[in-house]
Amino acid sequence: MDISGPRGTHDILPDEIKIWHKMEQVLRKTAEIYGYSEIRTPIFEYTELFERGVGGTTDIVQKEMYTFEDKAGRSLTLRPEGTASCARAFIQHRMYNQPQPTKMYYIGPMFRYDRPQSGRYRQFHQFGVEVFGTRSPAVDAEVITLMVDIVKRLGLRRYELHLNTVGCGNCRPHYRQTLTEFLRPLQADLCRDCQSRVDSNPLRVLDCKEKRCREILAGFPSILDSICEECREHFERVKSVLDLYGVQYILDERLVRGLDYYTNTAFELLVPGLGAQNAVGGGGRYDNLVAQVGGPDTVGIGFAMGMERLLLALEENQVELVDGEGVEVYVAFNSPELEPLANIALNELRSADIKAERDYGDRSLRAQMKQANRSQAVVTVLIGENEAKSGTYSLRDMDTGEQFEIEQNALIAEIKKILMK
Ligand code: HAM
0 MDISGPRGTH
10 DILPDEIKIW
20 HKMEQVLRKT
30 AEIYGYSEIR
40 TPIFEYTELF
50 ERGVGGTTDI
60 VQKEMYTFED
70 KAGRSLTLRP
80 EGTASCARAF
90 IQHRMYNQPQ
100 PTKMYYIGPM
110 FRYDRPQSGR
120 YRQFHQFGVE
130 VFGTRSPAVD
140 AEVITLMVDI
150 VKRLGLRRYE
160 LHLNTVGCGN
170 CRPHYRQTLT
180 EFLRPLQADL
190 CRDCQSRVDS
200 NPLRVLDCKE
210 KRCREILAGF
220 PSILDSICEE
230 CREHFERVKS
240 VLDLYGVQYI
250 LDERLVRGLD
260 YYTNTAFELL
270 VPGLGAQNAV
280 GGGGRYDNLV
290 AQVGGPDTVG
300 IGFAMGMERL
310 LLALEENQVE
320 LVDGEGVEVY
330 VAFNSPELEP
340 LANIALNELR
350 SADIKAERDY
360 GDRSLRAQMK
370 QANRSQAVVT
380 VLIGENEAKS
390 GTYSLRDMDT
400 GEQFEIEQNA
410 LIAEIKKILM
420 K
């Protein structure tokens, strides 16, 4: 008998579980701050749900599902992702009869029969959120901001948020046509997978990772030239809310995502240094999914993050998850006389739901700065005699090392700007 676990699966051992617990704590807390409640759906569903939901042309449905028959001959599948299950639960429990939107999050194992490599497993864990029942572009921005906020709260500083729109049922066929006409003469030179994608799902050719395909595709027609006015307007509004929140993004017209249900906004969070599997999270809008799996016409949006990849990203960036997660702001002060001012700042930060900490050990300013670093603070508030006299605080952006003075009454606004960067 083979005593190793199946290929592509991993045990999480007792000495590794702590870091998982810490990560889960950050994930749950952040989701709850944004108003999401947990849902736990079964590990397996009827196969048809994923065939209809995820889509017949996707790699997931074509090649990667763990599908089996139960003893009564029903076809069941271990869930390869969480969105279709959430849509099914939304319909089954008539959640659409409640005031909308419905906001939920999930944490748990997913299963895909893919070639295992670093960052790609057959059983892996996702944290995801889904929002049903609102078309508001502000919700697209909220969901994206939540994903970015999570990586920040975990202490990651190096990441890229890629953003695109994939249009809707009205304008995408037009783009598909334009793209197919562009690809047809190049078809024979593309990789084998892309050759067949030109007919089955031409948009997927755009995000092929093969160097040769990427070169051949230079000068491809942009989807932004094909989308309808409504999609353009929606996308502009999503970007403007993200700008308002100070969330930085890279417009990436190649980003199309690998599941069929997407409409409009699509996004991915990449962490450099993770090799080929550098997408730590991804998501987008899916305005037709609920209807597609048999429910009333209800729009939706969400994302999922790979938890193993999040841990790899933390490791790659030498970020240690500290007990009870890191702090966002550290308040350092130069002498005991300045302690009241430090306490005022601390109290103000915590009242604004910002995780803040100070020193209680009469340490020197230098030692406090070290402590700020160790606790993964994103910003340090520095209070010295000069600041006290002039009614200011100095803020140090711990990522860039940049330091500047602000008026005391602008503390929360200025800190939020740095936290959302
Ligand atoms: P996805 O892009 O297929 O989207 O997966 C989301 C994340 O799960 C990926 O960015 C990656 O970090 C992780 N992941 C995927 N496959 C594997 C694997 N084989 N091994 C390790 N990690 C993996 C979805 O699943 C959508 N349901 C996301 C979504 C939610 N869209 C809207 N709502």
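Counting from 1, position 66 in the sequence shown corresponds to residue 65 in numbering that gives the first Met the number 0; the numbering is continuous, with no gaps. Backbone N, C-alpha and C fix where the C-beta goes; we use that ideal spot for every residue, glycine too. From a predicted model like this one, the values you see are computed outputs, not experimental measurements.
{"Query": "I'd like the list of long-range same chain contacts for Gly55, defined as Cβ closer than 8 Å, with 5 residues on each side in sequence excluded.", "Result": "Gln61 and Asp259"}
{"Query": "Can you tell me whether Gln247 sits near ligand 3, meaning its C-beta is under 7 Å from at least one heavy atom of the ligand?", "Result": "Questions concerning ligand 3 fall outside what the structure shown contains, since the ligands it does hold are ligand 1."}
{"Query": "Helix, strand or coil for Ala331, going by three-state DSSP, please let me know.", "Result": "strand"}
{"Query": "Under 8 Å between the Cβ atoms of Tyr438 and Arg119?", "Result": "Nothing in the structure corresponds to residue 438, since the chain is present only between 0 and 420."}
{"Query": "In whole angstroms, what is the alpha-carbon distance linking Glu229 and Pro98?", "Result": "25 Å"}
{"Query": "Measuring straight from C-alpha to C-alpha, what distance separates Leu12 and Trp19?", "Result": "10 Å"}
{"Query": "Can you tell me which residues form a DSSP beta bridge with Ser74?", "Result": "Glu68"}
{"Query": "Going by Cα to Cα distance, which pick from Ile16, Glu31 and Arg87 is closest to Glu50?", "Result": "Arg87"}
{"Query": "Note down the Cα distance separating Ala71 from Arg6, rounded to an integer number of angstroms.", "Result": "28 Å"}
{"Query": "Would you check if the distance between the CB atom of Leu268 and the CB atom of Val150 is smaller than 8 Å?", "Result": "yes"}
{"Query": "Assign Asn96 to one of two classes, buried (16 or more other C-beta atoms within 10 Å of its C-beta) or exposed (fewer than that).", "Result": "exposed"}
{"Query": "For Pro20, report the span of its alpha helix (DSSP H) as first-last.", "Result": "This sequence places His at residue 20; Pro is not what is there. First-last of the alpha helix (DSSP H) with His20: Ile16 to Ile32."}
{"Query": "Ignoring anything shorter than 4 residues, give me the alpha helix (DSSP H) runs that lie fully in the stretch 125-155, in order along the chain.", "Result": "136-152"}
{"Query": "Secondary structure at Ile414, three-state DSSP: helix, strand or coil?", "Result": "helix"}
{"Query": "Quick one: does the C-beta of Phe49 sit closer than 7 Å to a heavy atom of ligand 1?", "Result": "no"}
{"Query": "Is it true that the stretch 234-253 meets the stretch 288-299, where meeting means three or more beta-carbon pairs spaced less than 8 Å apart?", "Result": "no"}
{"Query": "Let me know if Gly325 comes out buried or exposed under the rule of 16 or more other beta-carbons within 10 Å of its beta-carbon.", "Result": "buried"}
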